[in-house]
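Step one of this worksheet: look at the structure below.
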Amino acid sequence: MINSLIHPKQGDKANSPWFDEFLVKLLENRDRTGLTEMIREIDALMLTVEPGCSAAYVSELALMTPYHYLVTLESESHWTHVLRIDMNSPDLLVREVRVPGRGDIFRSLNEVYPIGAHKPNSRYMGEIFRVSNLHEVVEQQKAREIRFFNQDQIRKLELPGNMAIVKPSPYTHNIVAYWERPPEDIRVYALGNSIILDDVNRGYLQAKEIQEELGLDKLIRPIDHLATRVYSQNREVAILEYLTLSSYYYWGSYDIANQNSSTNVTKSIHYPEERISPAKVFTAANHPYFVNHLVGLPSPTESFVRNYGPRLHHVALEVADGEINGLANIDYVVQAIRARGKDFLLDVIGSREEGLKQIFSSASEHSSLIVEYVQRFGNFDGFFTKQNVAELTHAAGVEENLRLLQAESEAASPVSA
Ligand SMILES: [Fe+2]
Numbered sequence: 005m006i007n008s009l010i011h012p013k014q015g016d017k018a019n020s021p022w023f024d025e026f027l028v029k030l031l032e033n034r035d036r037t038g039l040t041e042m043i044r045e046i047d048a049l050m051l052t053v054e055p056g057c058s059a060a061y062v063s064e065l066a067l068m069t070p071y072h073y074l075v076t077l078e079s080e081s082h083w084t085h086v087l088r089i090d091m092n093s094p095d096l097l098v099r100e101v102r103v104p105g106r107g108d109i110f111r112s113l114n115e116v117y118p119i120g121a122h123k124p125n126s127r128y129m130g131e132i133f134r135v136s137n138l139h140e141v142v143e144q145q146k147a148r149e150i151r152f153f154n155q156d157q158i159r160k161l162e163l164p165g166n167m168a169i170v171k172p173s174p175y176t177h178n179i180v181a182y183w184e185r186p187p188e189d190i191r192v193y194a195l196g197n198s199i200i201l202d203d204v205n206r207g208y209l210q211a212k213e214i215q216e217e218l219g220l221d222k223l224i225r226p227i228d229h230l231a232t233r234v235y236s237q238n239r240e241v242a243i244l245e246y247l248t249l250s251s252y253y254y255w256g257s258y259d260i261a262n263q264n265s266s267t268n269v270t271k272s273i274h275y276p277e278e279r280i281s282p283a284k285v286f287t288a289a290n291h292p293y294f295v296n297h298l299v300g301l302p303s304p305t306e307s308f309v310r311n312y313g314p315r316l317h318h319v320a321l322e323v324a325d326g327e328i329n330g331l332a333n334i335d336y337v338v339q340a341i342r343a344r345g346k347d348f349l350l351d352v353i354g355s356r357e358e359g360l361k362q363i364f365s366s367a368s369e370h371s372s373l374i375v376e377y378v379q380r381f382g383n384f385d386g387f388f389t390k391q392n393v394a395e396l397t398h399a400a401g402v403e404e405n406l407r408l409l410q411a412e413s414e415a416a417s418p419v420s421a
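In the working numbering, the protein residues as written are 5 to 421.
Below, the structure is given as structure tokens:
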């Protein structure tokens, strides 16, 4: 039997006795009931963008990531573009709402937050896990009080009909879905008609040509981790809920004290390689916003959650270790992408001596998501350095303050009829 508690805990952030008790109980139960065994890798990630934005976003992803445009699933109110690297890494499903003003639960989750409301359709939705027995996984999860959308709701939401989808988490606002697929079968999503959209394909091909010309296709690797931000009081429950929904284990937590924040990492128990099933990271402030005036520290993580709502903050991609003309690959990648007009929030930070270098892009104007690049040197096996995380967290906070001011000033000047 798999033992989800086999890995020693990393990190310096202390958890409550309640967390330590239920971490053990939940994982022991998950292993014993066979759920850990049945829930496999993350097979796809889903996100939505604003009407009219998906061609530009697919083109942006084609330049900045290893993803290829495969096909578009056309349904009544959505286009869902399937992006793929290969069958060893998760697909990306980019959903465009075709009808401005169309409401659903995902839009509602954006609408009560000042910056989130500004782009109400832009949000990361969640992960689809491959499972070996869909019926059994769903029955067991229902018995653990996990709530699922029913088939009618899935049809109305225009999500693939061949999966069971858990309702958004109260802590992360993300969903998790399960579908059964023998590992040797290709991924096929049961949704709408399969078409190739000319404008999406054109933008994709142009961006890929540039990516290849610059040699970036050989340097940018699949997704390393996904980082979700939650309210400070939800840190422990968000981690334990995710371990309940997945077959991930708790890797550990690091305190980023000077940014009043912590980074909490979970990883797949089945697949040590992140490219197969990315690590899931949860970031939360150490203190809720209303004691900031007493603590006297910046609070970029809690501010993000208050501005956007709990949600995915960034997608990190690995950059192959190595160098080009004396430049570390990550420096070359960033230089090349900057020259194509894409902004980054800061310069590349970290060093070969520290084991890794990292950087954040500006948030995409189409999806609001930040892309992180991370290059690990030699056989560095750490996940990050605390100093890097502090600098990245700070830089993202500075840009977000500007976005809040912009959102508020636009909201304050009514559009004339
Ligand atoms: Fe990260």
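Built from N, CA and C at the ideal position, the CB exists for glycine as well.
All values reported here derive from a predicted model rather than from experimental measurement.
Cross-strand partners of residue i (DSSP beta bridge)
| i | result |
| --- | --- |
| Trp83 | Glu78, Glu100 |
| Ser266 | Asp259, Ala288 |
| Thr229 | The identity of residue 229 in the sequence shown is His, whereas the question assumes Thr. Partner(s): Ala283, Ala320. |
| Arg88 | His72 |
| Asn197 | Glu78 |
| Tyr254 | Thr270 |
| Thr52 | Arg99, Arg127 |
| Val234 | Ala288 |
| Gly15 | Ser257 |
| Arg315 | Arg233 |
| Ile43 | Val135 |
| Ile224 | Val323 |
Beta-carbon proximity check, residue i vs residue j, cutoff 7 Å
| i | j | result |
| --- | --- | --- |
| Ser8 | Ile273 | yes |
| Pro226 | Ser93 | yes |
| Glu100 | Val53 | yes |
| Glu32 | Ile6 | no |
| Leu51 | Ser371 | yes |
| Val62 | His85 | yes |
| Ala231 | His177 | no |
| Tyr312 | Ile119 | yes |
| Thr69 | Leu396 | no |
| Arg127 | Asp47 | no |
| Lys1 | Tyr252 | This structure cannot speak to residue 1, because the chain is shown only from 5 to 421. |
| Ala194 | Gly219 | no |
| Asp228 | Val98 | no |
| Glu404 | Phe308 | yes |
| Val180 | Glu131 | yes |
| Ser236 | Ala168 | no |
| Ala394 | Asn262 | yes |
| Asp325 | Phe388 | no |
| Phe23 | Glu240 | yes |
| Tyr175 | Ala66 | no |
| Arg185 | Asp95 | no |
| Ser81 | Arg106 | yes |
| Glu376 | Phe384 | no |
| Gly359 | Gly386 | yes |
| Lys361 | Ile328 | no |
| Thr305 | Arg233 | yes |
Residue i: CB within 6 Å of a non-hydrogen atom of ligand 1
| i | result |
| --- | --- |
| Glu376 | yes |
| Ala181 | no |
| Ala320 | yes |
| Ser231 | Checking the sequence shown, residue 231 turns out to be Ala, not Ser. It does: the Cβ of Ala231 is within 6 Å (strictly closer) of some heavy atom of ligand 1. |
Tell me whether the region 393-402 and the region 336-354 touch, counting them as touching only if at least three CB pairs, one residue from each stretch, are closer than 8 Å. Flag = yes, the region 393-402 and the region 336-354 touch.
Could you pull out every unbroken beta strand (DSSP E) segment of at least 3 residues lying fully inside the region 324-401, listed in chain order? With a minimum length of 3 residues, the continuous beta strand (DSSP E) runs that stay inside the region 324-401 are 353-355, 360-364, 374-380.
My parser needs the beta strand (DSSP E) runs of 3 or more residues fully inside the region 117-183; what are they? Those beta strand (DSSP E) runs which fall completely within the region 117-183 and span 3+ residues are 127-135.
Determine, using beta-carbon pairs with one atom in the region 332-347 and one in the region 282-295, whether at least three such pairs fall under 8 Å. Too few Cβ pairs lie closer than 8 Å, so no.
contact_flag[the region 198-208, the region 64-81] where n(CB pairs < 8 Å) is 3 or more: Here the region 198-208 lies against the region 64-81, with 3 or more beta-carbon pairs under 8 Å apart.
Three or more beta-carbon pairs under 8 Å between the region 211-218 and the region 147-157, yes or no? Using a C-beta cut-off of 8 Å, the region 211-218 makes no contact with the region 147-157, since fewer than three inter-stretch Cβ pairs fall below that distance.
On the three-pair Cβ rule with 8 Å, is the region 256-266 touching the region 15-23? Judged by Cβ distances under 8 Å, the region 256-266 makes contact with the region 15-23, as three or more pairs qualify.
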